[in-house]
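Residue numbers (my numbering), protein chains in the order written: chain H, 229 to 1189; chain E, 119 to 297.
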């Protein structure tokens, strides 16, 4: 580290972003350094003379800070502060804070001394796409680990926990993105017309380039104009958010913002995620400078000219002592002048033959080389000299480059806008209109500040000032990129972050990856965390030249959110732990906890898996249900009311089996199909009254079943004659099953007869419990005599305790899974897949006999539905005592090769039968009953015989025991 | 898989809990009954003084009120057990008792608006009345119905999801305390 660095002149035009009275200490690669409040990490590093901040992605070349904004390709650092750890923080956007610990990324050792820097010497052997060609033998996976170890930028600390961050929402009339002159003007004009306006900018203060560039607006110096307008914005009630980046625009004008620099008390990771909904959006995101192409243009000490100017004026950081300003446009002359004022300008090298500003520069004592350009930078790890195309050399420690400007239209593209190439300014500009979004200022290709202000006013329906002047003759934009540099054996960098050179693009074109999309994927140009903000246009220009097309004809790849990377901790926004993926809870959960239940998540439900410290409880619970009496909390089952004169017709249409023939007080099992004919869900329908049914569907499918019913209700039925009410949460359901279940249910005093005659299997009665209505249904998922008692949820705990006190043993989901597998009862989604139709389960009656329409009916008669070889449900009797694992494939040999002919869907040890039982879907399974098949699972082979799916009590005698 | 009873905190005792921090007070509302009412419900609801239906922005100070939750459906919160049973209440109108299936949380106080702004981008404190606006929405990732009260809001959520919403409210109140 060496050098100057802070310009000593305080206040005025230098250092308007920093407060020199407030010193902030931090470390970089272990070295203690200091900066000032208001510094970014990048400005503080530059002020301390840090030139190398990281190593390049592929060749481990030394890299320095290149820009001063979100487009930064090099300065990605590992940042720790308080609870926050961000392994890929962009130094140019991060506000410096006291005690920050910053490390360089992608270096073995430090950025200064990287042991992998030798890779650069082998660069000729590892061009773009080399691994597609050279790492194929004997197989790519041999090399994969090494490549993964070398790739990436920052490293996530697996031991650290994401700190809490904040998420907030906002709804506004207008969101203005960009706080430069265009954004300020638009926001003020909109606020004056009474609109609720939000103005966001990713820097610490409003003003944009006015804060570091010379400009006169309304007779005031630019920065004074911005300060005055900011006060007016506050008065007008505009909500201003600084250090806030708009990272994406989504459907219906949803804008996602990331606010940085939040206090730890507000957000422990220093960031807040905002979701904003705006009626309209004005995009005033400005433009970023483009690099120039020359040999070794990636050396630390090559920077964008506008960034050098900004560090000088806004942060009082002189980035070099002998600066060569290389440009293709007029915008860089202001930097030359500013550097000259502090004695740091060495020369201007302008590739054009003429500039109106050249004479002024010479008059000020600046050396100007017109019609010349930089050919190469000399120096191994830093800029030492530059050689010009003319052959002359210049002493320099910094090269400030300006190859023209690129409007920032990424967010416009997020809003489905299509850019077009504007040859007159050599840039991609907004083409088609994007819904409810207007692009103004430099982002739209405006040529002058006056044009910018006029666009901004018009965009919000205001009347522009009559003082606007026509564009001046200044060549600010610079035109089409100059790509005349001959690469040959030289290395000219296009994409600094992904180490893509001009040679890589030439190679891609030679190999016919000539489409812009193919080029991107072959070379990774524009793919990295900077999304090619500084590299895309130069890449397009080279591709156009290589393929003999215009840049406009080459096209552009799609810009997608996020505009800048967003950490996962910020996206999670404090929704960690229990809030990361919340589960639904049973009304009687705390009673199950008292019972010692072992809980698991089943889908989005937290349920008792068994009662006891370990899985040995499952066999005991099964024994209780088969030989005594067991109680199971089935509260999560659906309880969907279907009410109205057309309720029966709707359910006839929804279910494979007709429900209109049900008598009140009776239940029927049914399958609901998707339009494809595949089984969507199963359940039991209870007819309470002629116009009132209750659908009890699977626990995990309640929301989907409600939506399914509602969809068809709205599609085919009279909306005044049938209604769908989801009352699942209102009812708690306990299933009391086993040979002694009647005795326990009788003790509950529900007020209904429980014998088979008044209450047979698949019948229900309305009784009372605790003074409230209770439904008592004879329906069984265990194969035993069973009573399902549904009572209002708040009575669930009392009902459970009473059943337990009467002798019922608790059983969990795992035991239920065994009991139902022994009976061959299916879990839809586990024992069926997306192709399983009712006849694959052996339920073909309605398909053969129903004449009325129902969902999925036609699909059951397609050639696909009727073809041979459909997977059918079967039982599998495993040989030996070890259950065949769920997911094991049944295999058969065909043409000398093993082929999967099905798989195991459920499998367990049956305590009742003292042997394993399993269910599976097997091709032509019904025809194969009795066949012995081989099953493969992760290299282990099992043997099983295909049998009927019901292993226990096929006649169903136990239902009436 | 580990016993997840340790990971998930027990369901709160809803008769006991409340949350309090500077400027915000969250309580569980003890409503006598809650009903889903579908179809042409005007006459039925008028009998119980709930002829007007509410969206999330109209201030509702009554203890009995009807929230619009779908084009032809309201959530009727009543201060009494108004209907006898679920069924067809009148031609073209159906009712279902869901009293035990719902919990109602009421954030009140000067910081309540800030809390609401962390759950949804909806302009909760905008008093503009849109006659067909639905009270049902995604709030903090939960599907629930929102009603505006004179000094806060009410969040109506199904019981199975209530513990998670309460945990979310708790986290935000704790953050307020830390700040």
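Glycine included, every Cβ here is placed at the ideal spot set by N, Cα and C.
- Membership of residue 1130 (chain H) in the beta strand (DSSP E) is indicated by the continuous run 1125-1138.
- Residue contact with chain H for residue 172 (chain E): absent (no Cβ-Cβ distance below 8 Å to any residue of chain H).
- Of all C-beta pairs linking the segment 1123-1135 of chain H to the segment 1151-1166 of chain H, three or more are shorter than 8 Å, placing the two stretches in contact.
- Taking residue 979 (chain H) as reference, the option from H:1017, H:607, H:963 with the minimal CA-CA separation is H:1017.
- Your pair residue 187 (chain E) and residue 291 (chain E) does not check out as a contact, with CB atoms roughly 27 Å apart and the cut at 8 Å.
- In summary, the residues of the segment 206-221 of chain E whose CB is separated from some CB of chain H by less than 9 Å are 206, 209, 210, 211, 212, 213, 214, 215, 216, 217, 218, 219, 220, in the order they occur in the chain.
- Annotated as proximal: residue 237 (chain E) and residue 258 (chain E), with beta-carbon spacing under 8 Å.
- Under the DSSP assignment, residue 135 (chain E) falls outside any beta strand (DSSP E); it carries neither an H nor an E label.
- Residue 464 (chain H) is positioned such that its CB atom lies closer than 8 Å to that of residue 419 (chain H).
- For the pair residue 536 (chain H) and residue 547 (chain H), the CB atoms are nearer than the 8 Å cut-off.
- Only residues of its own chain outside the window of five on either side were considered, and among them 556, 579 have a CB closer than 6 Å to the CB of residue 710 (chain H), listed in chain order.
- Within the segment 508-574 of chain H, complete alpha helix (DSSP H) segments of at least 4 residues are found at 533-543, 561-569, given in chain order.
- The C-beta of residue 393 (chain H) comes no closer than 8 Å to any C-beta of chain E.
- Any Cβ of chain E closer than 8 Å to the Cβ of residue 819 (chain H) would place that residue at the interface, and such an atom is absent.
- Membership of residue 579 (chain H) in any beta strand (DSSP E) is not indicated, and neither H nor E is assigned to it by DSSP.
- CA-CA distance, residue 386 (chain H) to residue 309 (chain H), rounds to 17 Å.
- Considering only H:583, H:975, H:1138, the residue with the shortest C-alpha distance to residue 1045 (chain H) is H:1138.
- Contact between residue 869 (chain H) and residue 955 (chain H) holds: CB atoms are separated by about 5 Å, below the 8 Å threshold.
- Shown here for residue 573 (chain H): same chain residues with a beta carbon closer than 6 Å to its own, the five before and five after excluded, namely 551, 564, 567, 594 in chain order.
- By the criterion of at least three beta-carbon pairs nearer than 8 Å, the segment 183-201 of chain E is in contact with the segment 144-161 of chain E.
- Going by DSSP, residue 945 (chain H) is part of no beta strand (DSSP E) at all; its letter is neither H nor E.
- For residue 235 (chain H) and residue 242 (chain H), the gap between their C-alpha atoms comes out near 7 Å.
- Judged by pairs of C-beta atoms under 8 Å, the segment 1048-1062 of chain H does not touch the segment 834-845 of chain H, as fewer than three such pairs exist.
- Residue 294 (chain E) is positioned such that its CB atom lies no closer than 8 Å to that of residue 953 (chain H).
- At least one CB atom of chain H sits nearer than 8 Å to the CB of residue 236 (chain E).
- DSSP links residue 1099 (chain H) through a beta bridge to H:1151.
- In terms of Cβ geometry, residue 813 (chain H) and residue 281 (chain E) form a close pair [threshold 8 Å].
- Counting along the chain, residue 374 (chain H) sits inside no beta strand (DSSP E); it lies in the alpha helix (DSSP H) bounded by residues 369-378.
- If you keep only unbroken alpha helix (DSSP H) runs of at least 4 residues inside the segment 1020-1095 of chain H, you get 1024-1033, 1041-1051, 1073-1077, 1091-1094.
- By the criterion of a C-beta distance shorter than 8 Å, residue 883 (chain H) is surrounded in its chain by 898, 899, 900, 913, 1082, once the five residues flanking it on both sides are discounted.
- Identification of residues in the segment 391-420 of chain H having a C-beta nearer than 8 Å to some C-beta of chain E yields 392, 394, 395, 396, 397, 398, 399, given in sequence order.
- By the neighbour-count criterion, in which a residue is buried when 16 or more other Cβ atoms sit within 10 angstroms of its Cβ, residue 287 (chain H) is buried.
- Residue 1016 (chain H) does not reach chain E, its nearest Cβ partner there being about 17 Å away, counting only Cβ pairs nearer than 9 Å.
- Residue 584 (chain H) is not a Cβ neighbour of residue 720 (chain H), given a cutoff of 8 Å.
- Distance from the CA atom of residue 155 (chain E) to the CA atom of residue 162 (chain E), rounded to whole angstroms, is 9 Å.
- For residue 734 (chain H), no beta strand (DSSP E) run applies; the uninterrupted alpha helix (DSSP H) run containing it begins and ends at 730-738, by DSSP.
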